[in-house]
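A.B. asks:
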Amino acid sequence: CYQDVNLILPFFSEIGYKLLYIHLEVGMNKELLNCERVWLNVTPATLRPDLADYGLLEPHALGVRDGKIHALVPMQDLKGPYAASWQDMKGKLVTPGLIDCHTHLIFAGSRAEEFELRQKGVPYAEIARKGGGIISTVRATRAASEERLYELALPRIKSLIREGVTTVEIKSGYGLTLEDELKMLRVARRLGETQPIRVKTTLLAAHAVPPEYRDDPDSWVETICQEIIPAAAEAGLADAVDVFCEHIGFSLAQTEQVYLAADQYNLAVKGHMDQLSNLGGSTLAAHFGALSVDHLEYLDQDGIQALAHRGVVATLLPTAFYFLKETKLPPIAALRKAGVPMAVSSDINPGTAPIVSLRMAMNMACTLLGLTPVEAMAGVTRHAARALGEQERLGQLKVGMLADFLVWNCGHPAELSYLIGVDQLVSRVVNGEETLHG
Ligand code: NIG
Ligand code: FE
Numbered sequence: 318c319y320q321d322v323n324l325i326l327p328f329f330s331e332i333g334y335k336l337l338y339i340h341l342e343v344g345m346n347k348e349l350l351n352c353e354r355v356w357l358n359v360t361p362a363t364l365r366p367d368l369a370d371y372g373l374l375e376p377h378a379l380g381v382r383d384g385k386i387h388a389l390v391p392m393q394d395l396k397g398p399y400a401a402s403w404q405d406m407k408g409k410l411v412t413p414g415l416i417d418c419h420t421h422l423i424f425a426g427s428r429a430e431e432f433e434l435r436q437k438g439v440p441y442a443e444i445a446r447k448g449g450g451i452i453s454t455v456r457a458t459r460a461a462s463e464e465r466l467y468e469l470a471l472p473r474i475k476s477l478i479r480e481g482v483t484t485v486e487i488k489s490g491y492g493l494t495l496e497d498e499l500k501m502l503r504v505a506r507r508l509g510e511t512q513p514i515r516v517k518t519t520l521l522a523a524h525a526v527p528p529e530y531r532d533d534p535d536s537w538v539e540t541i542c543q544e545i546i547p548a549a550a551e552a553g554l555a556d557a558v559d560v561f562c563e564h565i566g567f568s569l570a571q572t573e574q575v576y577l578a579a580d581q582y583n584l585a586v587k588g589h590m591d592q593l594s595n596l597g598g599s600t601l602a603a604h605f606g607a608l609s610v611d612h613l614e615y616l617d618q619d620g621i622q623a624l625a626h627r628g629v630v631a632t633l634l635p636t637a638f639y640f641l642k643e644t645k646l647p648p649i650a651a652l653r654k655a656g657v658p659m660a661v662s663s664d665i666n667p668g669t670a671p672i673v674s675l676r677m678a679m680n681m682a683c684t685l686l687g688l689t690p691v692e693a694m695a696g697v698t699r700h701a702a703r704a705l706g707e708q709e710r711l712g713q714l715k716v717g718m719l720a721d722f723l724v725w726n727c728g729h730p731a732e733l734s735y736l737i738g739v740d741q742l743v744s745r746v747v748n749g750e751e752t753l754h755g
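For the sequence shown, the numbering used here begins at 318 and goes up steadily by one.
Below, the structure written as structure tokens:
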């Protein structure tokens, strides 16, 4: 039943792909015949949960069609001659695209002066209480035009693109009026339309109580529930809703109100939980079937059980832990033991994580929080995809998943958590399109 077929696929690109000439055994890999483009001789770290660790496979040919991974075929099943005139990836590592599932990368202003204060010993929570912190970024962000916010966010998102991020979540939360929150979300959507990266948006109007509502925080929560969530949902601007549940943020009861409103509009929920204290936010979020709870330094055993029970992702934000010089670690061993999926994210923001690098967050997740490089890698692929509700489409190398992947100039996948600051990308593919220099 074998039949030799000579297949000539034309490839044209500025980096010199010429022709790919493959003899195929049709019975074994006819799916490659239908691909628009094939990356030959890559070593996949699939991150498949049914395989151990990185889910490494022997060298494969990876074929793409209609923006999806259409074929993943062992090289030994291909018959030569092939690739003689095509760029052979020579066994290089290929991984799923990196997913940064928690960022606040749209903002104006700088908090460098606050850093000066903090270095003189003034705590983050005290700066926040005195009208600095989040509120100082709110002032600057409100004053910035939509165009200006876009321009300010561009170099940040480009840095993520260059280091291999193919999906990024971006939160609002520095507008804190209906118009300014929608302005931020529109900028996030525009970044996703103009840049070679998927953008997921999260409405975080419950980030801080704006100055106008200082004496009546409950009516800010009402405004969020009755005006901002409905408007963001109707405009299709929010993929999820987030709340900063904290003594300097919103109470458990207020958080619940926001979640109930999100539910009415069928929006997924997430939470900044247990960062500086434990208000029971993770248990509440789990009750609502949240996609993720994030930070978690003060997460307790009840919370862990609730997360495990509902399959909620625990997102670790080691950059904020580092920058705030926290000493209380999130309960990694207990999360691991309970089988809670752990994502890792950069938390890019001007106050607690002015570090625009997911690779750095992976490194810190290992060195500061005690993750293994395998866990850090799963944390920015498979588990980060789940934290965005995208686990069926993203985060693994598997036929049928979206074709977001990276070819690396690196010997072992642990290098992605270990080595910082070196450009190791050979190929960056989003939705089946090569976008390395996007
Ligand atoms: O994720 N915790 C609340 N939100 C941000 C900090 C935002 C800010 O300080 O501007 C965080 O750490
Ligand atoms: Fe955050």
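We treat Cβ as the ideally placed atom computed from N, Cα and C, and that holds for glycine.
Computed from a predicted structure; not experimentally measured.
Between residue 388 and ligand 1, is there a pair consisting of the residue's CB and a ligand heavy atom that are separated by less than 7 Å?
C.D. replies: Along the sequence shown, one-based indexing puts residue 388 at 71. The answer is no for residue 388.
A.B. asks: Ligand 1 and residue 595: does any heavy atom of the ligand fall closer than 7 Å to the residue's C-beta?
C.D. replies: The sequence position of residue 595 within the sequence shown is 278, counting from 1. No, the beta carbon of residue 595 sits no closer than 7 Å to any heavy atom of ligand 1.
A.B. asks: Between which residues of its own chain and residue 695 is the CB-CB distance below 7 Å, once the five residues before and five after are set aside?
C.D. replies: Here residue 695 refers to the residue found at position 378 of the sequence shown. Here the set comprises 364.
A.B. asks: Cutting at 7 Å between CB atoms, please list the residues of its own chain near residue 555, excluding the five before and the five after it.
C.D. replies: On the sequence shown, position 238 is the one that residue 555 refers to. Around residue 555: 502, 518, 519, 520, 549 and 584.
A.B. asks: Let me make sure I understand the geometry here. Which of 561, 590, 588 and 544 has the alpha-carbon closest to that of residue 581?
C.D. replies: Translated into positions along the sequence shown, residue 581 becomes position 264. Of 561, 590, 588 and 544, the residue nearest in Cα terms is 544.
A.B. asks: Locate the beta strand (DSSP E) running through residue 722, then write down its first and last residues.
C.D. replies: Position 405 of the sequence shown, counted from the start, is the residue given in the question as residue 722. Note, residue 722: beta strand (DSSP E), 722–725.
A.B. asks: Could you give the distance in angstroms between the alpha-carbon of residue 736 and the alpha-carbon of residue 687?
C.D. replies: Within the sequence shown, residue 736 is the residue found at index 419, counting from 1. Within the sequence shown, residue 687 is the residue found at index 370, counting from 1. Distance between the alpha carbons of residue 736 and residue 687: 16 Å.
A.B. asks: Residue 561: beta carbon under 7 Å from a heavy atom of ligand 1?
C.D. replies: Within the sequence shown, residue 561 is the residue found at index 244, counting from 1. Residue 561 Cβ: within cutoff of ligand 1.
A.B. asks: Below 8 Å on the Cβ atoms is my guess for residue 722 versus residue 746; work out the distance and round it to an integer in Å.
C.D. replies: By 1-based counting over the sequence shown, the position of residue 722 is 405. By 1-based counting over the sequence shown, the position of residue 746 is 429. Between residue 746 and residue 722 the Cβ distance is about 5 Å, and since that is below 8 Å, they are a contact.
A.B. asks: What alpha helix (DSSP H) runs, 4 residues minimum, are completely inside the segment 490–531?
C.D. replies: Qualifying alpha helix (DSSP H) stretches, in chain order: 495–511.
A.B. asks: Can you check DSSP and say which residues form a bridge with residue 590?
C.D. replies: Looking up residue 590 in the sequence shown gives position 273. Beta-bridge pairing links residue 590 to 562 and 612.
A.B. asks: Report buried or exposed for residue 570, applying the criterion of at least 16 other Cβ atoms within 10 angstroms of its Cβ.
C.D. replies: One-based indexing of the sequence shown puts residue 570 at position 253. Flag for residue 570 reads exposed.
A.B. asks: If you follow the beta strand (DSSP E) that residue 387 is in, where does it begin and where does it stop?
C.D. replies: Translated into positions along the sequence shown, residue 387 becomes position 70. Residues 385–391.
A.B. asks: Buried or exposed: residue 656, going by 16 or more other Cβ atoms within 10 Å of its Cβ?
C.D. replies: By one-based count along the sequence shown, residue 656 stands at place 339. Exposed, by the Cβ-count rule.
A.B. asks: According to the neighbour-count rule (16 or more other Cβ atoms, all chains shown, within 10 Å of its Cβ), is residue 465 buried or exposed?
C.D. replies: As a position in the sequence shown, residue 465 is number 148, starting the count at 1. So residue 465 ends up on the exposed side.
A.B. asks: So, at 7 Å on beta carbons, what are the nonlocal neighbours of residue 579 in its own chain, with the 5 sequence-adjacent residues on each side left out?
C.D. replies: Your numbering for residue 579 matches position 262 in the sequence shown. Closer than 7 Å at Cβ, skipping near neighbours: 546, 558 and 586.
A.B. asks: Specify whether the segment 591–601 and the segment 610–623 touch according to this definition: at least 3 beta carbon pairs, one from each stretch, less than 8 Å apart.
C.D. replies: The segment 591–601, when compared against the segment 610–623, does touch it at the 8 Å Cβ threshold.
A.B. asks: Nearer than 7 Å: is that true of the beta carbon of residue 591 relative to any heavy atom of ligand 1?
C.D. replies: Here residue 591 refers to the residue found at position 274 of the sequence shown. The answer is no for residue 591.
A.B. asks: What first and last residue would you give for the alpha helix (DSSP H) that runs through residue 738?
C.D. replies: Counted from its first residue, the sequence shown places residue 738 at position 421. From DSSP, residue 738 is part of no alpha helix (DSSP H); its letter is neither H nor E.
A.B. asks: I need the straight-line Cα distance from residue 438 to residue 637, nearest angstrom please.
C.D. replies: The residue labelled residue 438 in the question sits at position 121 within the sequence shown. The residue labelled residue 637 in the question sits at position 320 within the sequence shown. Between residue 438 and residue 637, the C-alpha separation is close to 17 Å.
A.B. asks: According to DSSP, is residue 569 part of a helix, a strand, or is it coil?
C.D. replies: Here residue 569 is taken as the residue at index 252 of the sequence shown, counted from 1. Three-state result, residue 569: helix.
A.B. asks: Just checking, does the segment 482–489 make contact with the segment 412–423 on the three C-beta pairs under 8 Å criterion?
C.D. replies: Yes: at least three Cβ pairs fall under 8 Å.
A.B. asks: Let me confirm a value: residue 472 is counted as buried when at least 16 other C-beta atoms fall within 10 Å, else exposed. Which label applies?
C.D. replies: The residue labelled residue 472 in the question sits at position 155 within the sequence shown. By the neighbour-count rule (16 or more Cβ atoms within 10 Å), residue 472 is not buried but exposed.
A.B. asks: Three-state secondary structure (DSSP) at residue 752?
C.D. replies: The count along the sequence shown starts at 1 and reaches residue 752 at position 435. In this structure, residue 752 counts as coil in the three-state DSSP scheme.
A.B. asks: Output the distance between the C-alpha atoms of residue 382 and residue 604, rounded to the nearest integer angstrom.
C.D. replies: Position 65 of the sequence shown, counted from the first residue, corresponds to residue 382. Position 287 of the sequence shown, counted from the first residue, corresponds to residue 604. So the alpha carbons of these two residues sit roughly 39 Å apart.
A.B. asks: Where are the beta strand (DSSP E) runs, 3 residues long or more, that stay fully inside the segment 628–686, in chain order?
C.D. replies: The qualifying runs are 630–633 and 659–661.
A.B. asks: Just to check my reading of the structure: residue 692 and residue 718 have Cβ atoms closer than 8 Å, yes? What is that Cβ distance to the nearest angstrom?
C.D. replies: Reading the sequence shown from its first residue, position 375 is the one you call residue 692. Reading the sequence shown from its first residue, position 401 is the one you call residue 718. The Cβ separation is near 21 Å, so there is no contact.
A.B. asks: Kindly indicate which three-state DSSP category residue 405 falls into: helix, strand or coil?
C.D. replies: Here residue 405 refers to the residue found at position 88 when the sequence shown is read from its first residue. Residue 405 falls in the coil class under three-state DSSP.
A.B. asks: Are there 16 or more other CB atoms within 10 angstroms of the CB of residue 647, so buried, or fewer, so exposed?
C.D. replies: For the purposes of this step, residue 647 is taken as the residue at position 330 of the sequence shown. Buried: at least 16 other Cβ atoms inside 10 Å.
A.B. asks: Could you check whether the Cβ of residue 535 sits closer than 7 Å to any heavy atom belonging to ligand 1?
C.D. replies: Here residue 535 refers to the residue found at position 218 when the sequence shown is read from its first residue. Not so, every heavy atom of ligand 1 lies at least 7 Å from the Cβ.
A.B. asks: Which of helix, strand or coil does DSSP assign to residue 696?
C.D. replies: Numbered from 1 along the sequence shown, position 379 holds the residue referred to as residue 696. Correct three-state label for residue 696: helix.
A.B. asks: Relative to the C-alpha of residue 757, which candidate in 432, 566, 626 and 433 has its C-alpha closest?
C.D. replies: Any answer about residue 757 is impossible in this case: the structure gives the chain only from 318 up to 755.
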